[in-house]
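The opening position of the sequence shown corresponds to residue 173 in the working numbering, with each subsequent residue numbered one higher.
No residue lacks a Cβ here, since even glycine has one placed at the ideal position from N, Cα and C.
The structure under discussion appears below in the form of structure tokens.
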Amino acid sequence: MDTQQGDFFAILRVIGERTRQFTFPNLRRPPIPPNKPATPELVSWGAQVYCFSWMRHLSTLVNGIITLRDAGNMPSARIVARSVFELGAHAYYVKKHLKQH
């Protein structure tokens, strides 16, 4: 293994360890009926739910990459790494459209 790849996995391990430590509060949906227009409070709640879910999913994927790599299963680790890329692209898409509206 070359030094650059070793550094990458060392950083990935740090990210994996730190993201496992995240804790999130229970989020209660604002009492706004589904057929009423969205309020800023409801939009904020939805954004928080999305972000907390995204962060937990990212943590799971990163730790999965580490586990697969440690087991010597690099082909599967690459597939999971692609999922991380797609998750980041989706987060960018949501952020872009949320700002537009």
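Are residue i and residue j close, meaning C-beta to C-beta below 8 Å?
{"i": "Val256", "j": "Leu270", "result": "no"}
{"i": "Ile237", "j": "Ala249", "result": "yes"}
{"i": "Arg241", "j": "Phe181", "result": "yes"}
{"i": "Trp226", "j": "Leu199", "result": "no"}
{"i": "Val252", "j": "Tyr222", "result": "no"}
{"i": "Leu259", "j": "Leu230", "result": "yes"}
{"i": "Asn235", "j": "Arg192", "result": "yes"}
How would you write the range of the alpha helix (DSSP H) that residue i sits in, first residue to last?
{"i": "Ala210", "result": "Taken as a continuous stretch (DSSP letters only), Ala210 belongs to no alpha helix (DSSP H), as it is neither H nor E."}
{"i": "Leu259", "result": "Met246 to Gln272"}
Cα-Cα, which of the options is closest to residue i?
{"i": "Ala263", "options": "Phe224, Pro209 and Asn207", "result": "Phe224"}
{"i": "Pro197", "options": "Arg228, Ala243 and Asn245", "result": "Arg228"}
{"i": "Gly188", "options": "Gly244, Lys268, Ala243 and Thr239", "result": "Thr239"}
Return the CA-CA distance between residue i and residue j, expressed in angstroms with no decimal places.
{"i": "Ala261", "j": "Gln272", "result": "17 Å"}
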